[in-house]
Structure formats: C-alpha cells, structure tokens
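If you count the sequence shown from 1, position 123 lands on 123 in our numbering, and the numbers rise without skipping.
Just so you know, even glycine gets a beta-carbon here, dropped at the ideal spot from N, CA and C.
Every value quoted in this text rests on a predicted model; they were computed, and no experiment measured them.
One structure below.
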Amino acid sequence: MLVRTEGIVIKTVDYGEGNKIITLFTETHGKVPLMARGAKKTKSRLSSVSQLFSYGDYTFFLTKSMGTLNHGEIIQSFTKIQQDIIKTAYAAYLVELTDKMTENLDPISYLYQQLLSSLKQIDEGKDPEIIIRIYELKILKISGYRPVLNQCVLCHSVDNLTRFSIVHGGVICDHHSDDSSIVLQEGTMKMLRLFEKIDIRRIGNTNVKASTKSQLQYVLRSFIEHHVGIQLKSQNFLDQLKQFE
Numbered sequence: 001m002l003v004r005t006e007g008i009v010i011k012t013v014d015y016g017e018g019n020k021i022i023t024l025f026t027e028t029h030g031k032v033p034l035m036a037r038g039a040k041k042t043k044s045r046l047s048s049v050s051q052l053f054s055y056g057d058y059t060f061f062l063t064k065s066m067g068t069l070n071h072g073e074i075i076q077s078f079t080k081i082q083q084d085i086i087k088t089a090y091a092a093y094l095v096e097l098t099d100k101m102t103e104n105l106d107p108i109s110y111l112y113q114q115l116l117s118s119l120k121q122i123d124e125g126k127d128p129e130i131i132i133r134i135y136e137l138k139i140l141k142i143s144g145y146r147p148v149l150n151q152c153v154l155c156h157s158v159d160n161l162t163r164f165s166i167v168h169g170g171v172i173c174d175h176h177s178d179d180s181s182i183v184l185q186e187g188t189m190k191m192l193r194l195f196e197k198i199d200i201r202r203i204g205n206t207n208v209k210a211s212t213k214s215q216l217q218y219v220l221r222s223f224i225e226h227h228v229g230i231q232l233k234s235q236n237f238l239d240q241l242k243q244f245e
C-alpha cells in the first residue's frame with residue numbers, strides 16, 4: 001500500500017554501504033520502519049529526509065514488516081537542535097523514549113502531536129529539561145503507566161500527601177510512609193500535577209528551581225526504570241553532559 005503522510009524520524013540505523021533503516025513516527029500509521037535506499041550517500045534525494053529529528057512529508061510503500069521510503073520533503077529540520085549539543089541530547093532522549101514505548105503501526109495522534117510540539121519548543125529555546133518531564137508524563141499516561149498523583153495510592157486519602165513511592169507507583173500519605181519513599185518538595189508535587197495536565201503545545205516560559213528540576217528527574221526516571229523497565233542510551237549521554245554544566 002502506497003502511503004503519503006507527515007512524520008518525524010525517531011531512529012536511524014546504517015544498513016550496508018549506502019542504505020539506512022529509519023523509524024518514522026506518524027500521526028496516521030504510528031511507528032513505521034522503512035528502508036531508505038541510498039540515504040547514506042550525500043547526493044541522495046533521501047539523504048536529508050532520513051536524518052534524525054527530520055519532520056517532513058513522506059511517501060512510502062507500507063508492508064506488515066518493513067516498508068520502503070520512496071520520497072520525502074522536509075517541513076522542518078530543527079536546525080537549532082542540530083547545531084546545539086545540549087538540545088540534541090534532549091531531543092535524542094525524546095525520540096528514543098518514544099521508540100521504546102510505542103509499537104509499530106499503532107497510531108496515537110495525541111502523542112504524535114506532543115512529540116512534534118516538544119521538538120518545536122526545544123528548537124525555539126524553551127527549557128528542554130521541563131519539556132522532557134512533561135513529555136514523560138504524557139507518554140506514561142498513554143502507555144498505561146500513569147503515576148497516581150491526587151490521592152494516596154495505598155488508602156486513597158487526599159490528605160498529607162507528602163511522599164512518593166516508586167514501588168507503589170504514586171504519592172502516599174504520611175500514614176503509609178516508609179524508608180523507601182521519597183519526601184517530595186512542595187514545588188515537585190505542584191509541577192507533577194501541573195505537567196500531567198498541561199498541553200505541550202500551549203506551554204509558555206516556565207521558571208522552575210534547580211532543586212525541583214533535580215527531584216522531578218529523579219522521581220520520573222526511577223518510576224520509568226521500575227515500572228516500564230527501560231534504560232535509555234540518550235539518558236546516559238545527558239548525564240555526561242550535565243557534569244560539564
């Protein structure tokens with residue numbers, strides 16, 4: 001079946017001397033693996049549209065296993081992301097997380113729009129650390145791993161929710177606190193609840209304290225590792241870069 005649709009390149013793998021296998025994330029067909037013949041050659045008409053993070057209009061032959069990319073036209077290449085190693089690292093985390101947490105040919109329109117908006121916001125200079133925290137909450141919810149944030153995950157109380165339990169998957173009240181739970185800063189609780197509700201397409205400039213950012217990262221990273229069971233290469237790269245900030 002011949003398909004024409006917009007999409008974002010979320011993964012590229014060199015294949016043979018001149019080819020690439022790209023993973024295209026689309027609104028209409030979900031995640032689609034495609035053979036891009038000759039894409040490694042600089043003069044190839046598929047070279048630019050097969051670069052990581054490329055957002056474009058693609059025409060491909062779709063099969064149940066791996067399709068074939070026929071044509072593509074760039075809509076936005078996210079030049080500022082490509083030229084900035086910090087932005088590149090955050091964008092790489094977004095697309096790797098998307099690749100790991102979605103299935104082939106399973107369209108999720110809302111997630112596609114959130115990913116596209118996330119890349120646009122990072123390219124435009126919004127705080128990438130805030131963007132990926134919001135996106136993590138979106139993809140967790142869509143994938144069925146939504147953390148419980150508005151009541152104690154153990155007794156359903158809405159009072160004295162001061163801790164977060166990675167093991168139990170959400171906030172817990174003082175009555176159920178234990179040594180393994182995390183005492184949440186007030187700002188962390190507020191941001192978790194706000195980020196779960198806010199649409200990335202409508203985010204403005206957000207000023208979050210460094211200590212709150214650090215705890216948000218720890219909570220959501222630990223939650224993903226424990227409940228989803230994935231660790232990302234791009235995450236390690238981000239950690240290395242932060243050592244030099």
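Residue i - containing beta strand (DSSP E), residue span
{"i": "Phe244", "result": "Counting along the chain, Phe244 falls outside any beta strand (DSSP E), and DSSP gives it neither H nor E."}
{"i": "Leu69", "result": "Gly67 to Gln76"}
{"i": "Arg4", "result": "Leu2 to Tyr15"}
{"i": "Leu24", "result": "Asn19 to Thr26"}
{"i": "Ala36", "result": "Gly30 to Ala36"}
{"i": "Phe195", "result": "Where Phe195 is concerned, there is no enclosing beta strand (DSSP E), although the alpha helix (DSSP H) it sits in stretches over Glu186 to Lys197."}
{"i": "Leu161", "result": "Leu161 to Ser165"}
Beta carbon of residue i nearer than 8 Å to that of residue j
{"i": "Lys64", "j": "Lys40", "result": "no"}
{"i": "Ser181", "j": "Ser157", "result": "no"}
{"i": "Ile108", "j": "Leu241", "result": "no"}
{"i": "Leu46", "j": "Leu232", "result": "no"}
{"i": "Arg133", "j": "Leu24", "result": "no"}
{"i": "Leu273", "j": "Cys152", "result": "It is not possible to answer for residue 273, since the shown part of the chain is limited to 1 through 245."}
{"i": "Asn104", "j": "Pro33", "result": "yes"}
{"i": "Asp57", "j": "Ile75", "result": "yes"}
{"i": "Val183", "j": "Arg202", "result": "no"}
{"i": "Thr26", "j": "Thr59", "result": "no"}
{"i": "Leu62", "j": "Met1", "result": "yes"}
Chain-order list of residues whose beta-carbon lies under 7 Å from that of residue i (same chain, five-residue window excluded)
{"i": "Gln114", "result": "Tyr135, Lys138 and Ile200"}
{"i": "Tyr145", "result": "His227 and Val228"}
{"i": "Phe257", "result": "Because the chain in this structure spans residues 1 to 245, residue 257 falls outside the shown range and cannot be described."}
Proximal residues to residue i (C-beta, below 6 Å), its chain only, five neighbours per side dropped
{"i": "Thr12", "result": "Lys20, Ile22 and Leu52"}
{"i": "Ser143", "result": "Met101"}
{"i": "Ser214", "result": "none"}
{"i": "Arg37", "result": "Asn19"}
{"i": "Ile224", "result": "none"}
Nearest neighbour of residue i, chosen from the options [CA to CA]
{"i": "Glu129", "options": "Gln217, Pro33 and Ser222", "result": "Gln217"}
{"i": "Asn236", "options": "Tyr90, Glu103, Lys209 and Leu149", "result": "Tyr90"}
{"i": "Leu116", "options": "Ile131, Leu105 and Asp106", "result": "Ile131"}
{"i": "Val9", "options": "Tyr112, Phe61 and His227", "result": "Tyr112"}
{"i": "Ser234", "options": "Leu94, His29 and Glu73", "result": "Leu94"}
{"i": "Val171", "options": "Asp159, Val148 and Leu2", "result": "Val148"}
{"i": "Val3", "options": "Asn205, Asp178 and His29", "result": "His29"}
{"i": "Tyr15", "options": "Met1, Ile224, Lys31 and Ser50", "result": "Ser50"}
{"i": "Leu140", "options": "Lys197, His175 and Leu119", "result": "Lys197"}
Start-to-end residues for the alpha helix (DSSP H) that takes in residue i
{"i": "Thr88", "result": "Ile85 to Met101"}
{"i": "Glu136", "result": "Pro128 to Ile142"}
{"i": "Val148", "result": "No alpha helix (DSSP H) holds Val148; DSSP gives it neither H nor E."}
{"i": "Ile122", "result": "Ser109 to Asp123"}
8 Å CB neighbourhood of residue i in its chain, flanking five on each side removed
{"i": "Thr212", "result": "Gln185, Gly187, Thr188 and Met191"}
8 Å Cβ cutoff, residue i in contact with chain C
{"i": "Gln113", "result": "No chain C is part of this structure, which consists of one protein chain only."}
Original post:
Touching or not, the segment 115-130 and the segment 64-83, by the rule of three or more beta carbon pairs under 8 Å?
Top reply: yes
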